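These notes concern the structure reproduced below.
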Amino acid sequence: MSDSIDHLRKAIADWNPASVEAGPKPDQPGLPYAVWRFLSGWKYDREMVGTEFGADSAVLLRQVLRWSGGEVRLPKIRDSALPQLSLAGIEITSSGGLQAIPFCPKWIVNDKLDPADGIDSPPRHARTDKALPGERYLLDLGSGDGKSAYKSWQSAPQKEAVWRTLSMPRGSTSVVVLPTGTGKSLVFQLLAAHSQGITVVVVPTVALAMDQWRSACEIVPSLKPRYYAANDNADSVIDAVKSGDTRLLITSPEACVTGKLRAVLEKLATDGRLDNLVIDEVHIVETWGAFFRVDFQLLAGVRKTWLTNSTGRLRTLLFTATLTPSGREDLRSLFPAAKNGVWWEFLSQRLRPEMVYFDQRFASEDERAEGVMQCVWRLPRPAILYVTERKEAVHWFRKLRYEEGFQRVGCFHGDTPASERKKLLEEWRGDKIDLMVATSAFGLGVDKPDVRSVLHACYPEDMNRYYQEVGRGGRDGWTTVCVLMPTEKDKEVAYGLCPKLITPELLTERWESLSQPEFMRKVPNANEAVRQIDPAAVRTEMLGKRTGQENILWNKRLLLQLQRANLLILRGVSYEQGQDGEKSREWIEVELNFNPYRKVGELVEESRMEELAASASGLNRVAEYLGGKRCVSVVLAALYGDNVQRVCAGCRYCRVNEVTPRRSPELEWELSPRDESTPPAVIVSGLPDPVEERDRFRTLFRQCLELKQIQRFATTPGYFDQLASIMDDLYQELPIYLRKPYRIDVIEDSPAELLPGEMLAVFHLGQTASGAFAVRGGAKVIHWFRPPVTRENIRYPLHERGILDPGFFTSPEDWLRS
Numbered sequence: 020m021s022d023s024i025d026h027l028r029k030a031i032a033d034w035n036p037a038s039v040e041a042g043p044k045p046d047q048p049g050l051p052y053a054v055w056r057f058l059s060g061w062k063y064d065r066e067m068v069g070t071e072f073g074a075d076s077a078v079l080l081r082q083v084l085r086w087s088g089g090e091v092r093l094p095k096i097r098d099s100a101l102p103q104l105s106l107a108g109i110e111i112t113s114s115g116g117l118q119a120i121p122f123c124p125k126w127i128v129n130d131k132l133d134p135a136d137g138i139d140s141p142p143r144h145a146r147t148d149k150a151l152p153g154e155r156y157l158l159d160l161g162s163g164d165g166k167s168a169y170k171s172w173q174s175a176p177q178k179e180a181v182w183r184t185l186s187m188p189r190g191s192t193s194v195v196v197l198p199t200g201t202g203k204s205l206v207f208q209l210l211a212a213h214s215q216g217i218t219v220v221v222v223p224t225v226a227l228a229m230d231q232w233r234s235a236c237e238i239v240p241s242l243k244p245r246y247y248a249a250n251d252n253a254d255s256v257i258d259a260v261k262s263g264d265t266r267l268l269i270t271s272p273e274a275c276v277t278g279k280l281r282a283v284l285e286k287l288a289t290d291g292r293l294d295n296l297v298i299d300e301v302h303i304v305e306t307w308g309a310f311f312r313v314d315f316q317l318l319a320g321v322r323k324t325w326l327t328n329s330t331g332r333l334r335t336l337l338f339t340a341t342l343t344p345s346g347r348e349d350l351r352s353l354f355p356a357a358k359n360g361v362w363w364e365f366l367s368q369r370l371r372p373e374m375v376y377f378d379q380r381f382a383s384e385d386e387r388a389e390g391v392m393q394c395v396w397r398l399p400r401p402a403i404l405y406v407t408e409r410k411e412a413v414h415w416f417r418k419l420r421y422e423e424g425f426q427r428v429g430c431f432h433g434d435t436p437a438s439e440r441k442k443l444l445e446e447w448r449g450d451k452i453d454l455m456v457a458t459s460a461f462g463l464g465v466d467k468p469d470v471r472s473v474l475h476a477c478y479p480e481d482m483n484r485y486y487q488e489v490g491r492g493g494r495d496g497w498t499t500v501c502v503l504m505p506t507e508k509d510k511e512v513a514y515g516l517c518p519k520l521i522t523p524e525l526l527t528e529r530w531e532s533l534s535q536p537e538f539m540r541k542v543p544n545a546n547e548a549v550r551q552i553d554p555a556a557v558r559t560e561m562l563g564k565r566t567g568q569e570n571i572l573w574n575k576r577l578l579l580q581l582q583r584a585n586l587l588i589l590r591g592v593s594y595e596q597g598q599d600g601e602k603s604r605e606w607i608e609v610e611l612n613f614n615p616y617r618k619v620g621e622l623v624e625e626s627r628m629e630e631l632a633a634s635a636s637g638l639n640r641v642a643e644y645l646g647g648k649r650c651v652s653v654v655l656a657a658l659y660g661d662n663v664q665r666v667c668a669g670c671r672y673c674r675v676n677e678v679t680p681r682r683s684p685e686l687e688w689e690l691s692p693r694d695e696s697t698p699p700a701v702i703v704s705g706l707p708d709p710v711e712e713r714d715r716f717r718t719l720f721r722q723c724l725e726l727k728q729i730q731r732f733a734t735t736p737g738y739f740d741q742l743a744s745i746m747d748d749l750y751q752e753l754p755i756y757l758r759k760p761y762r763i764d765v766i767e768d769s770p771a772e773l774l775p776g777e778m779l780a781v782f783h784l785g786q787t788a789s790g791a792f793a794v795r796g797g798a799k800v801i802h803w804f805r806p807p808v809t810r811e812n813i814r815y816p817l818h819e820r821g822i823l824d825p826g827f828f829t830s831p832e833d834w835l836r837s
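To convert, note that position 475 of the sequence shown is 494 in my numbering; the numbers rise steadily by one, no gaps.
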């Protein structure tokens, strides 16, 4: 810490940030991090912008002073910098030092702010998850240069999610919910690494696709990950997919549903080379998918085609950090398991412990603009300023850049060109941009761990959107300042953003056009209710006029609305190549649950009103939060369900009522379905000591793998390292076909439930691990004891656990021969 201050003093004395070496970026926020960011930013100002000491540098110096914990004695600051320092809330003390005044906005009312802390107190570490030592197949991930990408599992839920995913039967569908920042991407990266065919990862945004591709190249480079976009070297990616030169493909739902990649993946499924379909950030199927990203829901139909073509081989994995109860039901309806597979859910939902919430409504735009500007000049970096509309983002960017003098600022919205997006994301990740002005387009995939402030100059249309966007902050596990600053006019804008469902009259008219023989046909050898529909159908009054993509999208929305009303089942999507100059046609196959010639507008009215009510409830939850009558964790738990772990690092309700911020609980998880059966047990006496009889223990360990096909082991505390060391040696010696993922748990961390058909070998070393007798599910638990035991002295603890007739072997060799 003293070195950081010394560097700062020298740079100020020389009035030249290049006079000291900033060094590598510190891993954690603190004073050295703040000094590094200031020196780097000031140097950028001088070299790239030509500014002696600009607005950005002033705010970054404020961050240093706030994180230092008090007054900092520095050499005399040049007079030219004093106006910027004043705007940043920095003053020169009577003793000549610099001090940053805690930011206590006068416009925040009905709250109880601590004058000593303000809203910009130094970040504190908010997570309490315990890392677990990793097995060899985890430690081997990385570039292959001897440096491991991972040294441990981030948490017990991450390890459990990986194991269950790797053990998925063919044809299965799994929902995996892991909180942001807990490493859910590793789950499907390891799945791809241990699959022979290709894994397709579908993501909703270009930003997320680029981020996933970059991560995969670092973690599993041997898979030769590729990113497919129609306008970015698409042909070479398709060639790599066809030839098998890549085993991990990252792409968009549109590329799978309507792009030329679709036919390639369909052929791979038929050839048995499409192993896994992964859909990331799947919560948007419930939100965006119903109204905006139509292809995200139509992907369900395409996936059914792939599943059929693969004869039930394809596994489907649905990943997200948050999921509502209704979202779980939607996903099960859209992505059911094949007959030979299973549906299971792994839910580890905990509210983000890093978010510290502040809010204030403003009567006018001018008052809010003044508040936003104060926040921009005082809150720590990196920071994001969210607005609702593109024109607002452009307005704020220009104001900050050209009126206030901020140069390390970017602007990201839905109309930002792809090349500009790529440049902005690179500069954002590379710490060339400190402040991003953005719409909700800047969200999924923007995985920058150290965002310290998230501002909203808008009224979010629902709490889900707001929670997702503040979730861009604090991914490193340290607290983040979140300030929501709406005006009354913003609320009207939010109402305008609510989904526009097709009216019953228009719905009937569109359905009648879709029902015409030219656009609807029966399917040979299928039941009477199965139809294929061309979504290019035009309403009667539009015949003869040009049919555009918007019309097709509305027809697809109609079909999805009928599906949500349980009036039809989406069976698949296919393409028919045009002949003799005719256009190719897209056919959506459905199974109708109603007479196709009825007026369907009346049939969906109840479902339609329910959806409109759900949309309105989203706005109501935002109003409830702004009312400050309940803790934000209560509002969010009502949205995400009773199984979510509640935590609040600070909100208006808690501060006013002097509620101590909830300490972040360790992550838990919920499995569905559960197996509560007691597995058969086997007792093996005479286990050798793993240290004194290492060679014999090693031989027995290997025979467990080769002869008994056991991949899961557990032991008592203090012995994990010995077992891991032995397994490391074995793993390198085993033939490639036997190098399957394995698992070693310390028994106190071992989950209570085994997978169907799974065997667990428990090594009772040093003490009897009574918790191992509580294991549920699975095929068998083999208890190895040292020192030797007899059938009589082990019978009682087993009977107590419902294990009435265990097998018994007097030596490990006897059991291995059995």
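Where is the CB? At the ideal position from N, CA and C, for every residue including glycine.
Nothing here was measured: the structure is a model prediction, and the numbers come from that model.
Cut-off 7 Å between Cβ atoms - residues of its own chain near residue i, not counting five sequence neighbours on either side
i: P699; result: K799
i: G490; result: T199 and R371
i: W232; result: P244, Y246 and I269
i: E595; result: S603, R604 and W606
i: E772; result: L690, R693, D694, R795 and G796
CB contact check: residue i to chain C, cutoff 7 Å
i: M229; result: Considering every chain present, this structure includes no chain C. It has just one protein chain.
Residue i - partner residues in DSSP beta bridges
i: E772; result: R795
i: S171; result: P152
i: I269; result: V220 and Y246
i: S691; result: E364
i: C501; result: Y376 and V473
i: M778; result: K799
i: N295; result: T218 and R334
i: A402; result: L454 and S472
Proximal residues to residue i (C-beta, below 6 Å), its chain only, five neighbours per side dropped
i: W363; result: S193
i: K203; result: L197 and F338
i: G161; result: S167 and A168
i: P205; result: Residue identity differs from the one stated: residue 205 is Leu in this sequence, not Pro. Same-chain partners within the cutoff: there are none.
i: L742; result: T734 and I763
Any non-hydrogen atom of the ligand NAD closer than 6 Å to residue i Cβ
i: G790; result: Ligands in the displayed structure: none, and consequently the ligand NAD is not present.
Residue i, buried or exposed, once every other Cβ within 10 Å from all chains shown has been counted against 16
i: Y478; result: buried
i: I755; result: exposed
i: G785; result: exposed
i: A635; result: exposed
i: A30; result: buried
i: N129; result: exposed
i: G69; result: exposed
i: N483; result: buried
i: A545; result: exposed
i: W126; result: exposed
i: D495; result: buried
Limits of the alpha helix (DSSP H) - the one that residue i falls within
i: G637; result: E624 to G646
i: G346; result: P344 to L353
i: L742; result: F739 to E752
i: E384; result: E384 to R397
Residue i: first and last residue of the uninterrupted beta strand (DSSP E) it sits in
i: D764; result: R762 to V765
i: W86; result: Counting along the chain, W86 falls outside any beta strand (DSSP E), though it belongs to the alpha helix (DSSP H) covering A74 to S87.
i: E110; result: I109 to I111
i: M539; result: M539 to K541
i: W606; result: R604 to L611
i: T201; result: T201 -> no beta strand (DSSP E), and no H or E assigned at all.
Beta-carbon contacts of residue i that lie in its chain and below 8 Å, excluding the five residues immediately before and after
i: R143; result: W497 and T498
i: P355; result: T192 and W362
Worksheet item: Do three or more CB pairs link the segment 651-662 to the segment 610-621 at distances below 8 Å?
Response: Touching, no.
Worksheet item: Do three or more CB pairs link the segment 330-350 to the segment 283-300 at distances below 8 Å?
Response: Contact between the segment 330-350 and the segment 283-300 is present, because at least three Cβ pairs lie under 8 Å.
Discussion item. When you compare the segment 449-468 with the segment 95-114, are there three or more beta-carbon pairs, one atom per stretch, that lie closer than 8 Å?
Written reply: Segment contact: the segment 449-468 against the segment 95-114, fewer than three CB-CB distances shorter than 8 Å; contact not assigned.
Worksheet item: Just checking, does the segment 440-454 make contact with the segment 385-394 on the three C-beta pairs under 8 Å criterion?
Response: Because the criterion of three Cβ pairs below 8 Å is not met, the segment 440-454 and the segment 385-394 do not touch.
Worksheet item: Do the segment 823-834 and the segment 702-713 touch if we need at least three Cβ pairs shorter than 8 Å?
Response: Yes: at least three Cβ pairs fall under 8 Å.
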